[in-house]
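Residue numbers (this note's numbering), protein chains in the order written: chain A, 136 to 239; chain B, 164 to 655; chain C, 18 to 659; chain D, 10 to 478.
Below: the structure, in structure tokens.
Here you go:
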């Protein structure tokens with residue numbers, strides 16, 4: 136039944152991880168950057184689930200972990216968005232390039 | 164008596180000072196504290212004398228030993244031998260004198276005396292501690308007051324000098340720390356724990372390889388404090404910017420912290436390494452002596468003259484230590500005491516002149532003997548002591564160093580000794596030039612709105628200055644005329 | 018018998034005087050200081066004479082030999098077991114003789130100064146310094162220990178510094194004082210190192226022990242010292258030469274003589290005491306003290322001989338050209354000390370008999386009297402007409418008869434005309450030279466001729482030459498100035514008749530020293546010749562001296578400029594030491610060593626400035642660095658640093 | 010069992026209770042700021058007091074949550090810090106309209122830290138970590154109007170999300186490699202295989218982010234500068250401290266098998282951190298930013314201590330954190346007061362500070378000396394022991410580097426002291442009257458600075474609880 140080998144899945148998750156990273160590094164819109172981070176987290180989720188299912192099917196702690204990650208990610212996103220909104224109030228923009236007041 | 168008093172008394176004095184108000188109260192308090200310290204020091208001396216005469220064989224006397232940090236086997240362990248007592252006496256003398264000369268200090272005088280007292284506490288603690296940790300502790304305690312004293316009350320590029328001094332001394336203590344850590348982890352007591360205890364370390368033998376690694380750290384670290392070439396550059400700037408009392412402390416006491424530390428390291432902690440490196444030590448010491456002396460020749464500011472000459476004189480201390488013969492080491496200790504008193508006196512005299520003439524430039528002063536004979540006399544005595552005139556302490560100390568140094572038959576050591584001897588001629592040259600210009604010759608005061616007329620501005624020393632100078636001079640004479648008590652104290 | 022009870026007082030009384038007057042003099046005794054000091058010294062002198070009597074005639078001799086006696090001795094500074102500086106009192110013929118000389122001359126000077134220094138505003142200080150000097154000098158001559166002698170050596174140096182610089186607001190005086198101190202200090206450096214060497218090899222600092230150890234027949238220490246060499250010269254020679262260097266410095270021997278003439282800036286009585294009678298002969302005394310050891314090393318003795326001879330000769334001819342009367346006397350002092358030194362050294366050329374030793378000390382003895390007399394006389398003159406310049410003097414014999422008489426006596430004495438004191442001692446010296454080394458003898462002979470010449474040039478210029486332009490305003494001087502002149506004058510006549518070799522022989526064994534009359538003819542003739550020339554040139558005012566000077570021209574100037582020695586030294590100190598060593602040292606310290614320390618600080622700030630771009634403020638960049646760090650760590654620690 | 014539960018989770022429960030009280034108050038009544046502050050500080054004091062009584066070691070939820078005397082001590086240290094911070098921020102919060110929220114967020118993070126510290130399991134650890142970091146972002150934004158504040162918050166949330174992303178990736182790998190999330194089981198599966206190393210590096214990055222180890226530190230300065238002072242001090246002391254506690258226990262227990270590897274890593278990182286922190290600190294003019302970099306340098310020294318990997322190391326770390334709480338909070342206390350009352354935060358503003366405010370100057374000076382490690386302040390002892398434990402491994406290159414870096418750090422601390430005492434200033438900060446709570450906080454801090462060092466018992470006690478290998 137398990138026809139798809141683990142490596143494939145890991146490949147997908149790793150790809151996702153780096154896509155997310157790429158997005159984070161390159162996008163200038165804060166919301167997009169947030170989404171990229173979500174991608175990273177999801178790649179981690181895939182890892183957990185995959186490891187759990189393929190390597191340690193007798194326990195479920197991996198799956199649970201991914202559940203926690205999802206919820207926490209949601210919370211994180213909420214706070215982040217709140218902050219971004221507040222940022223927009225003061226900066227009139229959510230472009231990351233606008234926020235370099237503090238440096239050196 | 165309990166040695167801890169030497170720490171507690173200044174501490175209490177300092178704390179009380181914080182609650183005094185009004186210049187009068189403050190300085191009265193500070194002075195009485197200092198005097199009590201002096202008395203204490205003498206009591207200590209006599210009790211020590213008794214102990215020894217009744218044949219107490221211990222290396223250190225009046226030991227107190229409390230466990231401080233159990234897991235690290237760090238103790239609060241104090242005790243004294245003759246050397247430390249000599250240094251304690253020196254500290255006591257200089258403290259009283261320093262407080263007296265800064266009697267009329269207006270600016271923030273509470274803080275000033277507070278810091279002075281703290282400084283003396285640091286010195287006492289350093290000289291009595293037998294545990295390397297406490298030693299290090301007090302070594303660093305003594306740094307910050309200097310920084311503040313120079314920075315706040317200093318003249319000229321005060322802040323710069325203060326920073327330089329603090330950083331270089333910190334660097335020194337950083338090196339010391341590495342050395343100490345190294346020693347610590349190379350000690351294996353019977354209990355299996357490591358130890359910081361000087362005496363124990365002296366007993367258990369640190370592996371020679373380890374000594375060779377860590378000796379340079381410890382020695383150079385302490386060397387920074389006692390102006391070991393090339394780490395001496397804080398001395399001129401620091402001394403010349405510092406207020407009078409601070410200069411006296413700096414040159415009189417805190418440079419001795421370094422010398423004392425070097426001595427302990429070289430003789431007690433890592434004798435083998437000391438032998439191994441003695442050539443280098445002597446080389447550096449000789450450079451400091453000669454080159455310090457010649458550099459002094461070119462100085463035009465009285466304080467710079469004395470500062471550089473301190474570099475040269477402290478070279479004798481290191482030379483004595485480096486020679487490692489019993490006599491030479493004794494000479495080094497005597498030189499520490501003597502130089503402490505002498506240079507304090509010198510700075511006091513310079514300070515008095517400066518207070519009246521508002522200049523320290525040799526070129527701008529002249530013939531002050533006419534208007535302020537007492538100060539001039541003090542200046543002359545300090546100068547003569549500095550150039551090693553018999554009957555004053557400088558001669559005794561230097562001669563002892565030379566005799567001790569000459570015991571090393573090695574030609575290069577002999578050469579170093581001869582060069583060191585030669586420096587006394589150079590010393591004579593620069594001292595006499597300064598003296599001949601400032602004290603003798605036609606009366607002259609320039610470069611500061613003061614007219615060279617005898618009168619209120621160019622008055623002679625006040626009572627406080629007289630007492631201060633008198634104290635130091637008594638010390639100098641006591642050593643210079645009757646050195647045997649000091650040698651007995653040190654060697655017994 | 019036990020001396021210690023009172024002998025200690027001899028040096029200590031002047032010290033007490035110094036302390037008393039030094040601390041309270043200016044306030045309490047501004048007037049009475051002189052009397053006080055003099056009385057104190059009188060007491061010391063009496064004691065000294067009593068001691069001398071006691072030693073020479075009562076108890077000094079033990080079965081025909083004068084034994085050195087250690088009157089007292091305390092350990093002053095213990096270096097190591099057996100090696101210590103002791104403070105003590107050593108009585109032997111030489112030291113007792115010096116004791117007499119020092120106290121007597123010092124007393125005379127004290128008395129003379131009562132008049133001479135009257136009204137000086139630092140009168141008390143002056144007497145304090147005199148006390149200090151007397152104390153130091155006595156300590157020096159009574160030393161039992163080579164380091165003790167060094168200590169008092171330095172002390173006389175400093176008291177001479179203080180007294181030369183007594184008129185501290187005169188730049189010239191200050192300069193002279195500094196010069197004197199520094200030059201002698203330089204010489205003392207040699208002395209110190211010499212001591213270190215001797216001490217190291219002989220293992221003691223005590224004279225007696227040292228001499229006995231080194232002179233013992235099978236002395237291992239001596240073997241070591243002669244055996245081991247440095248730069249091809251035996252350690253013994255090094256040690257003795259260096260010690261002698263100290264002596265030469267104090268005794269103003271060529272080439273370290275430059276300080277003495279300048280030292281005449283001090284008050285004249287001081288010159289009489291320090292720079293004629295006592296301190297300057299310390300060098301001779303030092304060599305005499307270590308004479309047994311010097312005898313072990315011929316080469317150093319020869320060195321001493323030649324140094325002495327050259328100094329004697331050069332100083333004599335320089336003296337002929339000087340016009341400042343005190344400087345003339347200063348150079349004559351150098352010349353006379355030269356005599357004493359080569360008298361010590363010259364026996365090296367023959368089978369050493371003790372004659373040189375005795376002769377030298379004898380000359381030291383007599384010289385002390387007539388030279389101090391000369392100086393005091395000069396002082397009286399200066400006091401009278403307020404100038405040192407010969408040119409402005411003349412015809413004073415009427416105005417100051419006593420001074421004139423005593424000065425004449427002194428001149429005859431120094432010129433070596435019988436029966437005055439100088440004659441006898443000089444004869445002995447010449448005799449010794451004759452026996453040992455003819456070259457030296459002839460130099461000495463010529464020098465004595467020159468001496469006679471310049472002394473009488475001085476004499477004639479002061480007392481005859483042109484008629485006096487000065488009217489007798491305040492007389493020749495009070496009794497307190499006349500008395501010392503008179504006493505010294507008497508001394509200058511009589512002391513020559515003392516059979517010196519009876520009392521101060523080299524080894525304590527009294528021996529007879531006879532000089533055939535025939536031998537004396539030559540010296541006396543030469544001396545008379547010298548006087549004659551002086552008479553011819555200076556008895557009456559005339560042009561001959563100038564013509565003569567012109568005739569010699571360059572040579573004359575060279576001599577008058579003292580062979581440009583001062584210039585040479587100035588060049589060495591200013592150009593070489595200051596510009597060559599001190600300046601660079603100061604520069605290096607300021608810009609290299611200190612620069613290094615500051616440079617570290619500057620470098621740190623530079624670096625921190627240069628890396629600030631890392632903190633770009635752009636959150637994405639942060640993330641990239643973050644990830645970069647992760648990757649770097651992973652790579653490094655997975656692939657390289659296992 | 011149930012009793013156990015209440016005793017073992019005492020700290021967490023108390024905090025939760027406080028949080029809910031505040032929530033209810035927020036909804037139910039409209040207390041004035043003043044009384045609210047009094048109430049909260051009172052509660053925090055109670056919390057602190059309660060922390061000391063009736064503790065016992067044990068574990069819950071099959072090893073998810075475990076506690077022992079050391080952990081209790083760590084929690085107490087954090088509670089103490091919390092109290093001090095809240096006292097200090099009183100003068101700032103007085104005129105702020107969202108006091109309750111502030112405390113709710115603050116205490117949430119504290120709660121998160123408690124869970125994190127007693128985590129026996131990566132899941133619990135992760136939850137705790139996030140709970141302690143997400144509210145912080147909100148707090149960083151608490152000066153709602155200020156541009157800087159929101160910029161700081163943004164930078165913090167983005168970076169922390171990214172960091173926790175990497176951390177999670179690492180955790181997932183660890184899970185993949187070991188098949189367990191429980192620390193105690195994990196240790197047996199760890200061997201220095203490349204996968205483990207990679208996973209460890211990711212975890213290390215996660216920790217490094219929180220305690221701002223170079224190169225994971227870049228957010229620190231900006232956030233510190235932008236955030237309100239109270240939050241900054243909280244970030245710099247409490248959150249760092251908590252993560253350090255976990256970090257060392259994870260290193261010493263879970264990754265013990267690959268000690269050799271992480272020793273070298275820490276060696277590199279500590280040197281990097283010390284240098285970077287110092288070199289940046291030299292240049293700073295904003296005092297908060299300056300303190301940020303100085304705290305980075307401090308972390309470097311702490312890492313040196315950790316490399317000692319001995320009982321001495323743990324003890325010194327906990328001891329140092331305690332001291333660090335006092336010293337750094339004392340410094341921030343003064344800064345907070347000044348910025349709250351005058352709004353001035355530049356180093357140059359402090360010129361001539363001593364003339365106008367001697368007391369505050371002394372407090373600040375003592376704090377700075379303690380940070381610089383000058384006796385007799387506690388900082389000296391802290392640093393001494395840290396470096397000593399570092400030296401225990403015999404790596405004297407590291408020790409020498411660290412010791413010599415003390416000179417640089419000394420320089421910039423003295424720079425402030427110089428400004429305070431020696432520099433002239435035409436418009437210095439005017440004379441300030443210190444309100445009650447901040448004053449109390451300062452007294453506590455200074456007392457702590459003096460006592461903690463000189464009284465050897467403190468260290469002995471900590472040491473007796475510590476572990477190592």
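Don't be surprised by glycine CBs; every beta carbon is placed ideally from N, CA and C.
| Check | Outcome |
| --- | --- |
| Compute the beta-carbon to beta-carbon distance between residue 529 (chain B) and residue 256 (chain B), rounded to the nearest angstrom, for a pair I have assumed lies under 8 Å. | Not really, about 31 Å apart at Cβ, beyond 8 Å. |
| Enumerated in chain order, which unbroken segments of the alpha helix (DSSP H) with a length of 4 residues or greater are wholly contained in the stretch 143-228 of chain A? | 165-189 and 196-226 |
| Is the Cβ-Cβ distance between residue 173 (chain D) and residue 139 (chain D) less than 8 Å? | yes |
| Can you grab the Cα-Cα spacing for the pair residue 626 (chain C) / residue 292 (chain D), in whole Å? | 8 Å |
| If we define contact as Cβ-Cβ less than 8 Å, is residue 228 (chain A) a contact residue for chain D? | no |
| Under 7 Å Cβ to Cβ from residue 657 (chain B), same chain only, skipping five residues before and after it: list those, please. | Because residue 657 (chain B) is not part of the residues shown, which for chain B are 164 to 655, the question remains open. |
| Could you tell me which chain A residues have their CB closer than 8 Å to the CB of residue 225 (chain D), listed as they occur along the chain? | Correct list: empty, because the minimum Cβ distance to chain A is about 15 Å. |
| What's the gap between the Cα of residue 239 (chain A) and the Cα of residue 66 (chain D)? | 46 Å |
| Under the rule that 16 or more other beta-carbon atoms within 10 Å means buried, what is residue 343 (chain C), buried or exposed? | buried |
| At which residues does the beta strand (DSSP E) containing residue 657 (chain C) begin and terminate? | No beta strand (DSSP E) contains residue 657 (chain C), which DSSP labels as neither H nor E. |
| Would you say residue 333 (chain B) lies against chain D (beta-carbon separation less than 8 Å)? | yes |
| What are the boundary residues of the alpha helix (DSSP H) that residue 326 (chain B) is part of? | 321-348 |
| Entirely within the stretch 207-270 of chain B and at least 3 residues each: give me those beta strand (DSSP E) ranges in chain order. | 224-232 and 237-243 |
| Could you tell me if residue 403 (chain C) is buried or exposed, where buried requires 16 or more neighbouring beta carbons within 10 angstroms of its beta carbon? | exposed |
| With respect to the alpha helix (DSSP H) encompassing residue 262 (chain C), which residues constitute its N-terminal and C-terminal limits? | 252-267 |
| Assign residue 231 (chain B) to one of two classes, buried (16 or more other C-beta atoms within 10 Å of its C-beta) or exposed (fewer than that). | buried |
| Just the C-alpha distance for residue 405 (chain B) and residue 396 (chain B), rounded to the nearest angstrom, thanks. | 15 Å |
| Starting from the beta carbon of residue 136 (chain D), find every residue of chain A whose beta carbon is closer than 9 Å, and list them in chain order. | 203 and 207 |
| Determine the closest residue to residue 242 (chain D) out of D:345, D:319 and D:287, with distance taken between C-alpha atoms. | D:345 |
| For residue 648 (chain C), count the other beta carbons within 10 Å of its own beta carbon; 16 or more makes it buried, fewer makes it exposed. Which is it? | exposed |
| Give every residue of the same chain whose Cβ lies closer than 7 Å to the Cβ of residue 465 (chain C), excluding the five residues on either side of it in the sequence, and list them in chain order. | 433, 443, 540, 543 and 544 |
| Can you find a CB in chain D that lies within less than 8 Å of the CB of residue 232 (chain A)? | no |
| Exposed or buried, residue 474 (chain C), counting other C-beta atoms within 10 Å across all chains shown (16 or more means buried)? | buried |
| Exposed or buried, residue 224 (chain A), counting other C-beta atoms within 10 Å across all chains shown (16 or more means buried)? | exposed |
| Using three-state DSSP, classify residue 603 (chain B) as helix, strand or coil. | coil |
| Helix, strand or coil for residue 276 (chain C), going by three-state DSSP, please let me know. | helix |
| Which whole-angstrom value is the C-beta distance of residue 91 (chain C) and residue 103 (chain C), which I expect to be below 8 Å? | 6 Å |
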